[in-house]
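Below is one structure, written out as structure tokens, with a few remarks after it.
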Amino acid sequence: MEELLKQFEALRKEVLELKRQLGKPRGEQVAKPEEETSESSAPGTSPPSIEKVLMDEVKGIVREGIIEIGAKTYEMSRLVDIIEPEEAEKLLKVLASSDRIKILKLLFLEGKYFSQLQELTDLGPSPLSFHLTQLKESGLIDQEQLRGRYVSTLKGRVTLSLVGYLLRKVAGKEW
Numbered sequence: 000m001e002e003l004l005k006q007f008e009a010l011r012k013e014v015l016e017l018k019r020q021l022g023k024p025r026g027e028q029v030a031k032p033e034e035e036t037s038e039s040s041a042p043g044t045s046p047p048s049i050e051k052v053l054m055d056e057v058k059g060i061v062r063e064g065i066i067e068i069g070a071k072t073y074e075m076s077r078l079v080d081i082i083e084p085e086e087a088e089k090l091l092k093v094l095a096s097s098d099r100i101k102i103l104k105l106l107f108l109e110g111k112y113f114s115q116l117q118e119l120t121d122l123g124p125s126p127l128s129f130h131l132t133q134l135k136e137s138g139l140i141d142q143e144q145l146r147g148r149y150v151s152t153l154k155g156r157v158t159l160s161l162v163g164y165l166l167r168k169v170a171g172k173e174w
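In this text, residue positions in the sequence shown follow numbering that gives the first Met the number 0: the first is 0, and each later residue adds one.
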């Protein structure tokens, strides 16, 4: 909406500058209300003023902006409607640990073994095991049966990507 207001102000300044260049006083009314409602000029009448054309364009931009905002609000409300509070709480509790976020980041592109994770996180065996269990139970990571390597699941990668998006958009962090 702020962008639309900036565009409107820029157009308003352009109209004032055009009027100044054409030698028209700033306060002069260019079109009568009856003329403003007609879409095209009838024979014998003057064509629409630059101001009217620009105002019609601004009105169209504002209408499109309002429609776009309405569509985004509807889409967001649909996302909010499907939230199950208990499930959200479980997932957010798992994500509320910097150690678990570090582990998810480490597993984002490729799997790692317990010893690698221990070395990369500086966590002891017991805390690392606790965090891995939390992540596995939430479905964010999995462990390969044969080799024992920990890997990120699709749910884990999507969740971590959404956390990054939230930090960027909501918390104002840049890329």
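Glycine included, C-beta positions come from ideal geometry on N, C-alpha and C.
Tell me the rounded alpha-carbon separation between E67 and Y112.
Taking the sequence shown and counting its residues from 1, one reaches residue 67 at position 68. Taking the sequence shown and counting its residues from 1, one reaches residue 112 at position 113. Distance from the CA of E67 to the CA of Y112, rounded to the nearest whole angstrom, comes to 47 Å.
Taking only the alpha-carbon atoms, compute the straight-line gap between S125 and L108 and give it to the nearest angstrom.
Walking along the sequence shown from the start, residue 125 turns up at place 126. Walking along the sequence shown from the start, residue 108 turns up at place 109. Each residue's alpha carbon lies about 25 Å from the other.
Measuring CA to CA, which of G163, S137 and L116 is closest to E88?
What you label residue 88 is simply residue 89 of the sequence shown in a count that begins at 1. Nearest of G163, S137 and L116 to E88, Cα basis: S137.
Given a threshold of 16 other Cβ atoms within 10 Å of its Cβ, counted over all protein chains shown, does R99 qualify as buried or as exposed?
As a first step, residue 99 must be located in the sequence shown, where it is residue number 100. It counts as buried.
Where S114 and S160 are concerned, what is the direct C-alpha to C-alpha distance, given to the nearest angstrom?
Here residue 114 corresponds to residue number 115 of the sequence shown, with the count starting at 1. Here residue 160 corresponds to residue number 161 of the sequence shown, with the count starting at 1. Rounded to whole angstroms, S114 to S160 spans 25 Å at the Cα level.
Buried versus exposed call for L91 [16 or more other C-beta atoms within 10 Å across all chains shown]:
The residue you call residue 91 lines up with position 92 of the sequence shown. Under a 10 Å Cβ-count criterion, L91 is classified as exposed, with fewer than 16 other Cβ atoms of the shown protein chains found around its own Cβ.
Should L106 and Y149 be called a contact, given that it needs their Cβ atoms to be closer than 8 Å?
Your numbering for residue 106 matches position 107 in the sequence shown. Your numbering for residue 149 matches position 150 in the sequence shown. Taking 8 Å as the Cβ cut-off, L106 and Y149 qualify as a contacting pair.
For L177, I'd like the list of residues in its chain whose CB is within less than 7 Å of its CB, leaving aside the five on either flank, ordered along the chain.
Only positions 0 to 174 of the chain appear in this structure, which leaves residue 177 out of reach.
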